[in-house]
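Chemist: From first to last, the protein sequence lines stand for chains A and B.
Residue 112 in this note's numbering is what sits at position 112 of the first sequence, and the numbering runs on without skipping anything.
Residue 211 in this note's numbering is what sits at position 76 of the second sequence, and the numbering runs on without skipping anything.
Let me give you the structure first, and then I'll get to my questions.
Protein chains: 2
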Amino acid sequence: MEERRDFIMKIVAGKNSASFSSNSGKVNTHETLLKNVLVHQVFFWLKDPDNQEARNEFEKGLQMLSTAPQILSSHIGTPVASARTVVDDSFTYSFLAIFRNKEDHDLYQNHPIHLQFLKDCQPLREKVLIFDAMD
Amino acid sequence: MEERRDFIMKIVAGKNSASFSSNSGKVNTHETLLKNVLVHQVFFWLKDPDNQEARNEFEKGLQMLSTAPQILSSHIGTPVASARTVVDDSFTYSFLAIFRNKEDHDLYQNHPIHLQFLKDCQPLREKVLIFDAMD
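Structure follows, in structure tokens:
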């Protein structure tokens, strides 16, 4: 898994190295909006979130999942603790995947890499919650 | 608002134009993982989601919010309808913001742009749900 972590896609380029376009010819250096994408946001609650073996297995699954060819970019996260009532920090893992469109998302759902993830990791989780959004 | 939409940051570069790094010297063209970021995922339910005036006001607020200087990249979305029980497509708007770290996230929370958004848009929403995740 550590070797996988060494493959890092540098797409969070930030303001300094990114390109901007504007019909007006002006450049708004604060504009950072992603457009024409489908954002797939998944939150997992493991059955036994303190079980390191289960966590390792799940992380390995998420790492593999992130290699599905339809994904433009992805993020595997754990919660940032918060005392705010509007923040849900109870999940065990999050998985964010950005697709070009609904078609790519649907292809991903049935791709062998995703099906393998479901087979390996579904038994480990208690609950999953998904939000899909398009601009 | 339409003019704002013309400012498009081209950071969803996809596999063909992105840079990769690897300690092993190999390139995994499927690797798309964002690393060393905080992913701030917010879902809003408006009090009156069918009120176009309220929607316009809220969208304007989100567009302004996306200009907060701490944000590396962001996405404003509406739900993709789904019949799957694990998918929550009941929200009105989603807002995804990627920060470099917790410090930038905390600065954003107290930034005038965010405070203005809360002042203008908080009265329009029934419910908000936030998930913050770091790798």
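Just so it is clear, CB atoms sit at the ideal spot from N, CA and C, and this is done for glycine as well.
1. Check each residue of the segment 167 to 182 of chain B: if its Cβ is closer than 7 Å to any Cβ of chain A, include it; give the result in chain order.
2. Among B:Arg-260, B:Leu-253, B:His-175, B:Leu-259, which residue has its Cα nearest to the Cα of B:Leu-207?
3. At the level of alpha carbons, what is the spacing between A:Gln-116 and B:His-240?
4. What are the residues that DSSP puts in a beta bridge with B:Arg-260?
5. Looking at the C-beta of B:Thr-213, does it have a partner C-beta in chain A at a distance below 8 Å?
6. Against chain A, with Cβ distances strictly below 8 Å, would B:Ala-268 count as a contact?
7. Give the interface partners of A:Asp-88 over in chain B, defined as CB-CB distance under 8 Å, in chain order.
8. Which stretch, first to last residue, makes up the alpha helix (DSSP H) that contains A:Leu-107?
9. Just the chain A side, please: which residues come within less than 8 Å of B:Phe-193 by C-beta, in chain order?
10. Report all residues from its chain with a CB closer than 6 Å to the CB of B:Ser-201; omit the five preceding and five following residues, and keep chain order.
11. Closer than 8 Å by beta-carbon distance: list the chain A residues that pair up with B:Lys-237, in chain order.
12. Nearest by alpha-carbon distance to B:Asp-183: which of B:Thr-227, B:Asn-236, B:Ala-232 is it?
13. Quick one: list the residues of chain B neighbouring A:His-114, beta-carbon separation under 8 Å, in chain order.
14. So, with DSSP's three-state summary, where would you put A:Ala-68?
15. Answer yes or no: does any C-beta atom of chain B fall closer than 8 Å to that of A:Leu-72?
16. Which residue from B:Arg-219, B:Ile-211, B:Lys-262, B:Lys-237 puts its Cα closest to that of A:Met-134?
17. Kindly list, in the order they appear in chain B, the residues whose Cβ is closer than 7 Å to that of A:Leu-96.
Modeler: Based on what the coordinates show:
1. In summary, the residues of the segment 167 to 182 of chain B whose CB is separated from some CB of chain A by less than 7 Å are Thr-167, Leu-168, Leu-169, Lys-170, Val-172, Leu-173, Val-174, Gln-176, Phe-178, in the order they occur in the chain.
2. As a first step, residue 207 of chain B is located in the second sequence; it is residue number 72 there, counting from the start. B:Leu-207 has its Cα closest to that of B:His-175, out of B:Arg-260, B:Leu-253, B:His-175, B:Leu-259.
3. In the first sequence, the residue the question calls residue 116 of chain A occupies position 116. In the second sequence, the residue the question calls residue 240 of chain B occupies position 105. The alpha-carbon atoms of A:Gln-116 and B:His-240 are separated by roughly 35 Å.
4. Looking up residue 260 of chain B in the second sequence gives position 125. B:Arg-260 is bridged to B:Leu-181.
5. Here residue 213 of chain B refers to the residue found at position 78 of the second sequence. Output row for B:Thr-213: interface = yes.
6. As a working mapping, residue 268 of chain B is identified with position 133 in the second sequence. Under the Cβ criterion of 8 Å, B:Ala-268 is counted among the residues facing chain A.
7. Along the first sequence, read from residue 1 onward, the residue named residue 88 of chain A stands at position 88. Simply Leu-264, Ile-265, Phe-266.
8. Counting from 1 along the first sequence, the entry for residue 107 of chain A is found at position 107. A:Leu-107 -> alpha helix (DSSP H) spans 102 to 109.
9. Within the second sequence, residue 193 of chain B is the residue found at index 58, counting from 1. Chain-order list of chain A residues neighbouring B:Phe-193: empty, with the shortest C-beta distance near 14 Å, by a criterion of under 8 Å.
10. For the purposes of this step, residue 201 of chain B is taken as residue 66 along the second sequence, with counting starting at 1. The residues are Ser-209.
11. For the purposes of this step, residue 237 of chain B is identified with residue 102 of the second sequence, where counting begins at 1. The answer, in chain order, is Val-80.
12. Sequence index remark: in the second sequence, residue 183 of chain B carries index 48 (1-based). Comparing alpha carbon positions, the residue from B:Thr-227, B:Asn-236, B:Ala-232 closest to B:Asp-183 is B:Thr-227.
13. Numbered from 1 along the first sequence, position 114 holds the residue referred to as residue 114 of chain A. Those do not exist, as A:His-114 stays about 13 Å from chain B at its closest Cβ, beyond 8 Å.
14. On the first sequence, position 68 is the one that residue 68 of chain A refers to. If DSSP states are grouped into helix, strand and coil, A:Ala-68 belongs with coil.
15. Here residue 72 of chain A refers to the residue found at position 72 of the first sequence. Yes, because at least one Cβ of chain B sits closer than 8 Å to the Cβ of A:Leu-72.
16. Taking the first residue of the first sequence as 1, we reach residue 134 of chain A at position 134. The option with the nearest alpha carbon to A:Met-134 is B:Ile-211.
17. Here residue 96 of chain A refers to the residue found at position 96 of the first sequence. What A:Leu-96 touches in chain B: Val-174.
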